[in-house]
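Per the numbering used here: the sequence shown ends with 822, consecutive numbering throughout. Backbone N, C-alpha and C fix where the C-beta goes; we use that ideal spot for every residue, glycine too.
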Amino acid sequence: MVGTGGPVPTFSPWDYVVFAATILGAASIGLFQAIRGRKENSSTEFLLGGRQMTAVPVAMSLTASFMSGITVIGTPSEAYRFGLAFWLFGFSYAIMSAITAELFVPMFYRLGITSAYEYLERRFNRITRMTGTSMYIVQTALYTGLVIYAPALALNQITGLDLWGVLVATGAVCIIYCTLGGLKAVIWTDVLQMVIMLAGFVAVIARGAVVQGGLSTIWEDAAKGGRLVAFDFDPDPLKRHTFWSIVVGGSIMWVSIYSINQSQVQRYISCKTLGQAKLSLYINMVGLWMTVSLAMFSGLTMYSIYKNCDPLSNGDIGTSDQLLPYLVMDILSVYPGIPGLFVAAAYSGTLSTVSSSINALVAVTVEDFIFPFYKDFTQKQVTWMNMGLSVFFGGVCIGMAGVASAMGSVLQAALSIFGIIGGPLLGLFLLGMFFRTANSTGGLGGLVTGLAFTLWVGIGALLYPQTANKTLPLPLTTVGCNKTVDLNSTTAAPWTSPANPTPDFRPPLADSWYSLSYLYFSLFGMLTTMVSGLLLSIVTGGCKQKKMNSDLFVRRSDLMCFSGCNNSKVSDEIEKVATDVHMGVDSKTFMEMDVKKEYATKL
220 MVGTGGPVPT FSPWDYVVFA ATILGAASIG LFQAIRGRKE NSSTEFLLGG
270 RQMTAVPVAM SLTASFMSGI TVIGTPSEAY RFGLAFWLFG FSYAIMSAIT
320 AELFVPMFYR LGITSAYEYL ERRFNRITRM TGTSMYIVQT ALYTGLVIYA
370 PALALNQITG LDLWGVLVAT GAVCIIYCTL GGLKAVIWTD VLQMVIMLAG
420 FVAVIARGAV VQGGLSTIWE DAAKGGRLVA FDFDPDPLKR HTFWSIVVGG
470 SIMWVSIYSI NQSQVQRYIS CKTLGQAKLS LYINMVGLWM TVSLAMFSGL
520 TMYSIYKNCD PLSNGDIGTS DQLLPYLVMD ILSVYPGIPG LFVAAAYSGT
570 LSTVSSSINA LVAVTVEDFI FPFYKDFTQK QVTWMNMGLS VFFGGVCIGM
620 AGVASAMGSV LQAALSIFGI IGGPLLGLFL LGMFFRTANS TGGLGGLVTG
670 LAFTLWVGIG ALLYPQTANK TLPLPLTTVG CNKTVDLNST TAAPWTSPAN
720 PTPDFRPPLA DSWYSLSYLY FSLFGMLTTM VSGLLLSIVT GGCKQKKMNS
770 DLFVRRSDLM CFSGCNNSKV SDEIEKVATD VHMGVDSKTF MEMDVKKEYA
820 TKL
């Protein structure tokens, strides 16, 4: 009987057919793009899709790239255990989209860059650029390892597939279509995978509604279980999720992911116009809302079914990240092929993230570590180098899965990685974009200072996790279970087993500094980098360059421009005058150009 605990069915032959067909379909897109673009073998074509992409496929790719298997597996579990608070990230997505589209995208377009970290060399120096790139590589390798490992761990017991065999196979598929197809293959594969992910959530919700007697029953059960309380306005920065930690801290964290993370930057600068790039981010915002809403409602569906028999407490599974796969096999196994669709959804998310990470790692390595020192490559050599690096980084990411697997809850661990490393990097970019006095000494010093502090708090939080009075998990019960199943060695990794409790010894900082909400890591790192960088710049004499390129700074004309922004030479010239001179503009000239009103608006 559904929802009463005990073993659940495993994959049927049709499930394997559906799963395999999806994976092969993804790989075939890479092969198709390789054949279709075999005459366009330039580095720009491979890394940026020839800068000819349009808004809709790029938007879906932006959404899919970080709505990975971690989202498919981790977000419903979040709703099941903690309620709807995570849904407040919808506000964060809106704030992130506006900041990225209006501040960062126009600047990157003006500079015509391939690597986001090219900006750091133009604004500061090469050492700062290489430091930023190195931080990005470490962050992406760790995150991608987590993305590969987490769904494999969760689905290992449910499907019966060999854990490490699945890991290697996943990486191999990504390597194939990244190596052969470049960014176009990644983007069009993401479009397919985004559709599959959403279909997986819809299948879970639809079947759950049938089992429970309607969506209204699911909603009522969630209300009775306290799962619908989302707004907690407590300003305590130590509480895991509050309105403020999600909207303020979460917004900064997502800005660091979308604005300066090469995996995302590479996508929107592949658009053929600035207007299309901006539009892609706003369409992506809607995609994020849709994805997180379906994921959260899937979690509420899971709670409605297991409200009287929690599989984790009952010992049917060994980690909360196995909750949704367990539910799928419990309620959907009567429909052969549908569980295969869900597994395909989880692995589609994984494939999209891994492929985008590999492609981005290749881009920053070529642009930041190879081309600055040696450019005398033939086009054929560059093509082979890109392919070789794709294979190399694919192997590195698979290898990093073992390291990332020791980081606890997959959703929180993934977001913590972005906060610890992405926060200081975002602070460095903002320091350069808004403060002309900032120099290379201040920039590099601020970055190192910010990173040191976020590593301190982040590693401390990993070693000494928050206690229940700060994470506030909602009550669960096993009173309706038929029987209790003993955990076995294949159910969970040892570090996720209940037999591995929180350490008894907790240093004085464990319940204060180390208990800071993981969502504030990024905000803390950004502010520390900017403040220390600005102070160091002032102490070391500020920026000694008399006239700096205005393209390196935010312009007022960048805001809310969707068409013709990047085609108007007149507008660019006026803005340069306004930015560099600030006074003494010849009004007669402006009247002749019929832009006096436009200039007044900008100032």
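Apart from the five residues on each side of it in sequence, which residues of its chain come closer than 6 Å, Cβ to Cβ, to residue 335? Residues of the same chain with a CB within less than 6 Å of the CB of residue 335, apart from the 5 flanking positions on each side, are 479, 481 and 484 in chain order.
The alpha helix (DSSP H) that contains residue 496, what's its start and end? Segment 493-525, the alpha helix (DSSP H) holding residue 496.
Taking the straight line between their C-alpha atoms, what separation do you get for residue 741 and residue 636? The alpha-carbon atoms of residue 741 and residue 636 are separated by roughly 9 Å.
Can you tell me whether residue 616 is helix, strand or coil according to DSSP? In the displayed model, residue 616 falls within a helix according to three-state DSSP.
Inter-residue spacing [alpha-carbon to alpha-carbon] between residue 680 and residue 234: Near 40 Å, if we compare the C-alpha coordinates of residue 234 and residue 680.
On the criterion of 16 or more Cβ atoms from any shown chain inside 10 Å, does residue 558 qualify as buried, or is it exposed? That one is buried.
Just to confirm the assignment, what range does the alpha helix (DSSP H) spanning residue 678 have? From DSSP, the alpha helix (DSSP H) with residue 678 extends over 659-682.
For the stretch 539-546 against the stretch 458-467, do three or more pairs of beta-carbon atoms, one drawn from each stretch, fall closer than 8 Å, so that the two count as touching? For the pair of segments examined, the stretch 539-546 was found not to touch the stretch 458-467: the number of CB pairs separated by less than 8 Å stays below three.
Does the separation of the CB atoms of residue 761 and residue 658 fall below 9 Å? Cβ distance < 9 Å, so residue 761 and residue 658 count as in contact.
Integer-rounded CB distance, given that residue 550 should sit under 8 Å from residue 430: Under the criterion of beta carbons closer than 8 Å, residue 430 and residue 550 qualify as touching, at roughly 6 Å.
C-beta atoms of residue 365 and residue 424 nearer than 9 Å: Judged by beta-carbon spacing, residue 424 lies beyond the 9 Å limit of residue 365, meaning their Cβ atoms are not closer than that value.
Beta-carbon proximity check, residue 555 vs residue 345, cutoff 9 Å: Taking the C-beta atoms as reference points, residue 345 is found no nearer than 9 Å to residue 555.
So, at 7 Å on beta carbons, what are the nonlocal neighbours of residue 297 in its own chain, with the 5 sequence-adjacent residues on each side left out? Here the set comprises 305, 518 and 630.
In its own chain, which residues sit with a C-beta less than 8 Å from the C-beta of residue 258, not counting the 5 before and 5 after it? Since pLDDT at residue 258 reaches only 48, below the 50 mark, its modelled position is unreliable, and the value read off the structure follows with that caveat. Nothing meets the Cβ criterion.
With a cut-off of 8 Å on the beta carbons, I'd call residue 696 and residue 367 a contact; round off their distance for me. Going by Cβ atoms, the distance from residue 696 to residue 367 rounds to 34 Å, so no, they are not a contact pair.
How big is the Cα-Cα spacing for residue 492 and residue 502? Cα to Cα, the separation comes out at about 15 Å.
Where does residue 228 land, buried or exposed, given buried means 16+ other C-beta within 10 angstroms? So residue 228 ends up on the exposed side.
Just to confirm the assignment, what range does the alpha helix (DSSP H) spanning residue 324 have? Here the alpha helix (DSSP H) through residue 324 covers 324-330.
May I ask you to report which of helix, strand or coil DSSP gives residue 459? In this structure, residue 459 counts as coil in the three-state DSSP scheme.
Between the alpha carbons of residue 328 and residue 313, how many angstroms are there, rounded? Their backbone Cα atoms lie some 22 Å apart in a straight line.
DSSP three-state label for residue 375, please. The answer is helix: DSSP assigns residue 375 an H, G or I state.
Any idea if residue 687 is buried or exposed, counting beta-carbon neighbours within 10 angstroms, 16 or more meaning buried? Residue 687 comes out exposed.
So, helix, strand or coil for residue 731, using DSSP? Here residue 731 sits in coil by DSSP.
Residue 541 by DSSP, collapsed to three states: which one? Reduced to three states, the DSSP call for residue 541 is helix.
By how many angstroms is the C-alpha of residue 283 removed from the C-alpha of residue 276? Taking the straight line joining both Cα atoms gives about 10 Å.
By the DSSP assignment, the alpha helix (DSSP H) with residue 767 in it spans what residues? Per DSSP, residue 767 lies in no alpha helix (DSSP H) segment and is marked neither H nor E.
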